[in-house]
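Taking it in order: structure first as structure tokens, then the write-up.
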Amino acid sequence: MDFSRDFIQLACDKGVLRFGEFVTKAGRLSPYFFNAGLFNDGESFGRLCDFYARTLIAAHLPCDMLFGPAYKGIPLVAGTAMRMAERGVNLPFCFNRKEAKDHGEGGTLVGAPLAGRVAILDDVISAGTSVRESVEIIRAHGATPAAVVIALDRMERGTGSLSAVQEVQRTYDIPVLAVANLADLIAYLKDSPALAENLGAVTRYRETYGVAREA
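Here the sequence shown is numbered in our numbering, starting from 683 and rising by one per residue.
So this is what it looks like as structure tokens:
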């Protein structure tokens, strides 16, 4: 997508995407680190949500509402719904609590009732735990998970031959949309003199741990 480069530029400028040596949860030494929690001011977070909105709209997928898993998905789903409305697509949204509320309206969901085809918004997919929990919540309310939207797809193998994104797509038979992926990052590094020194390490990492393509 033509805005993937703009997203990567924003992530680099904000320090969300950093280069060096970082140990992943899988114990791998990664030449880059992505922390979406550092989109932590109004301007950058608003732009992040606009990238989510553009990604979902560009996909032309049938979608009736948005769902944000606690906790990272909560601001994402609210901000993205606002940005989508600004672009002429007004959708209801909701999110879950980690703990059920025992007073007032009660329950674990906040926002619009879950119904129809639901897009799940999260920052990244690592183990897929958040997606699994979201799918279970959505189906339990009689709605249908329609897609997952994330910021960055690392295109990296998990415990087997598939990436975490591919596992989610195969397990739940739903598309995963990413604002940008590792291939976009490598293309960006090739055209960025200031960051070109990181190209070799990132390319080697992809050759070692990457998947050939997203299924």
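In this text, a Cβ means the ideal position worked out from N, Cα and C, and glycines have one as well. Keep in mind the model is a prediction, meaning the values are calculated, not measured.
Problem - Top-ranked residue by Cα proximity to Gly793, from Ala865, Leu748, Ala718 - result: Of Ala865, Leu748, Ala718, the residue nearest in Cα terms is Leu748.
Exercise for the section: Could you tell me the boundaries of the alpha helix (DSSP H) in which Asp732 lies? Expected result: 724-741 is the extent of the alpha helix (DSSP H) around Asp732.
Exercise for the section: Would you kindly report the start and end of the unbroken alpha helix (DSSP H) that includes Phe689? Expected result: First-last of the alpha helix (DSSP H) with Phe689: 686-695.
Problem - Terminal residues of the beta strand (DSSP E) in which Tyr714 lies - result: Annotation: the continuous beta strand (DSSP E) that includes Tyr714 extends over 711-716.
Problem - Residues that Arg799 bridges to, as DSSP identifies them - result: Thr826.
Practice task
Pick helix, strand or coil for Ala865, following the three-state DSSP scheme.
Solution key: It is helical.
Handout entry: Through-space distance from Pro795 to Gly719, alpha-carbon basis
Key = Cα-Cα distance, rounded: 27 Å.
Handout entry: Under the three-state DSSP convention, the category Arg814 falls into
Key = DSSP places Arg814 in helix when its eight states are reduced to three.
Problem - Alpha-carbon spacing of Leu743 relative to Ala846, whole angstroms - result: Between the C-alpha atoms of Leu743 and Ala846 there is a straight-line separation of about 21 Å.
Exercise for the section: Buried or exposed for Arg736, please, with buried defined as at least 16 other CB atoms from any protein chain shown within 10 angstroms of its CB. Expected result: With 16 or more Cβ atoms within 10 Å of its Cβ, Arg736 is classed as buried.
Exercise for the section: Classify Tyr753 as buried or exposed, calling it buried when 16 or more other Cβ atoms lie within 10 Å of its own Cβ. Expected result: With fewer than 16 neighbouring CB atoms inside 10 Å of its own CB, Tyr753 falls in the exposed class.
Practice task
Return yes when the Cβ of Phe715 is within less than 8 Å of the Cβ of Phe704, no when it is not.
Solution key: Between Phe704 and Phe715, the C-beta spacing is below 8 Å.
Problem - Residue range of the unbroken alpha helix (DSSP H) whose run includes Met766 - result: Per DSSP, Met766 belongs to the alpha helix (DSSP H) from 755-768.
Handout entry: heavy atom of the ligand SAH below 7 Å from Asp746 C-beta
Key = Among the components of this structure there are no ligands whatsoever, and the ligand SAH is therefore not found.
Problem - Sheet register partners of Glu838 (DSSP bridge) - result: DSSP, once it has assigned bridges, lists Gly892 as partnering Glu838.
Handout entry: Three or more C-beta pairs below 8 Å linking the stretch 724-735 and the stretch 760-773
Key = A contact between stretches requires three or more CB pairs, one per stretch, nearer than 8 Å, and the stretch 724-735 meets this requirement with the stretch 760-773.
Practice task
In angstroms with no decimal places, state the Cα-to-Cα distance between Leu871 and Cys694.
Solution key: About 11 Å.
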